[in-house]
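Quick notes on the structure that follows.
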Amino acid sequence: MSLALFVEQLLNGIQFGLMLFLMAAGLTLVFGVMGLINLAHGSLYMIGAFICAAVAAATGNFWLGLAAGMTAAAAAGALIEVVVIRRLYDRDHLDQVLATFALILILSEGVQMIFGARPLFLSRPEILAGSVHLGLGINYSVYRLALIGAGIATAVALWLLIAKTRLGVQIRAGESDREMIAALGVNIKVLYTIVFALGAALAGMAGALVGAIQSVQVGMGEPVLILAFVVIVIGGIGSIKGAFVGALLVGVVDTMGRFLIPRAFDWWLDIGRASDIGAALASMLIYILMAAVLVLRPRGLFPAHG
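Each residue of the sequence shown is one higher than the one before, counting from 1 in full-length UniProt numbering.
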């Protein structure tokens, strides 16, 4: 195994982790502020990808598609919050799970009715096509490097929003004592809609960006949603810092595990299915990581409160 191949897979893991962060950040914001388990978050990821692919195909402009995907996901999130989610805040988590699971089915069928059952394909923008030489014999995709940059920039922007703005103060106060900020004159309903729409926009952004390196298809958000839940459990529910660190851990561990473990088993075991055994173990690695973190830190690495 060459150094160039190792570094390429490491960069792939970082890129994957940063895209997971976009999903997990919205999910942890919604749960931290609203106390809501939103299983339909993956559907907002799917909506962002489909709208981006459709608009980019119609206009020939990827950036217009990206803006449309984020806007559509945010609008869908706000509509879902006003029409459905707003009735669930005082209900127990089982009701929330059932209602948001029903939304998955509704949104999946709706997207299939509009766009059809066949996958869509989203072309990368010309300016980000090709690869760049990083030294040491490493040639890496310009688009994937751009995804890494976009993920880091979004993480910084989100931190500035939460830590340095009036809206961020209200969001953090809403996590701690929603009754008090309501008593101080903050419109809690509007705040909840904004937070939900922000989380949806981040999910839509992730879906649109990832759509250019894989096919855009119905149900694409659910596997990513599972990983996003793993991320927030590892990082700490309600913590943006925890979501960032947890997403990088999951992205790198999953990617490097799938790359290294099958090769190690092939070398170590002289049997025909050694790499299959290694691949099965690699697919379990992030859940083993989650279990280890929960044993050592039951509230995650960086819990929102203490």
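Heads up, the beta-carbon is just placed ideally off N, CA and C, and yes, glycines get one too.
Since we're looking at a predicted model, the values are computed, not measured.
Beyond the five residues adjoining it in sequence on each side, A247 comes within less than 6 Å, by CB distance, of G17, L20, F21, A24, V231 in the same chain, given in chain order.
A distance of 8 Å or more separates the beta carbons of F50 and P125. For N139, the uninterrupted beta strand (DSSP E) segment begins and ends at 138-141.
Rounded to the nearest angstrom, the gap between the Cα atoms of I152 and L145 is 11 Å. L198 has its alpha-carbon roughly 31 Å from the corresponding atom of L285.
According to DSSP, S131 shares a beta bridge with S141. By the criterion of a C-beta distance shorter than 7 Å, S131 is surrounded in its chain by N139, Y140, S141, V142, once the five residues flanking it on both sides are discounted. The beta carbon of Q214 is closer than 7 Å to none in its chain, skipping five residues each way along the sequence. In this structure, D95 places its C-beta atom within 8 Å of the C-beta atom of L88. Excluding residues up to 5 positions away in sequence, Q9, L10, G13 lie with their Cβ nearer than 7 Å to the Cβ of M256 in the same chain. In chain order, A282 place their CB closer than 6 Å to the CB of R258, counting only its own chain and leaving out the 5 sequence neighbours on each side. Of the residues assessed, I240 falls on the buried side of the cut-off, its CB having 16 or more other CB atoms within 10 angstroms.
Residue nearest to A68 within the set A200, A291, I261, P262 is A200 (criterion: CA-CA distance). Annotation: A56 to L66 spans about 8 Å, alpha carbon to alpha carbon. Across the set L29, Q15, S2, A208, the C-alpha of L29 shows the shortest separation from the C-alpha of G236.
Cβ contact annotation for A208 (same chain, cutoff 6 Å, sequence separation greater than five): G48, A49, C52, L66, G69, in chain order. With a threshold of 16 other beta carbon atoms within 10 Å, G300 meets it and is buried. Relative to V245, the option among A228, I261, L260 whose CA is nearest is A228. With contacts defined as CB atoms closer than 8 Å, F115 and A54 qualify as a contacting pair. Distance from P303 to G242 at the Cβ level is roughly 7 Å; contact confirmed, criterion being Cβ atoms closer than 8 Å. A Cβ-Cβ contact shorter than 8 Å links L289 with I234. Under the DSSP assignment, V97 falls in the alpha helix (DSSP H) whose first and last residues are 93-115.
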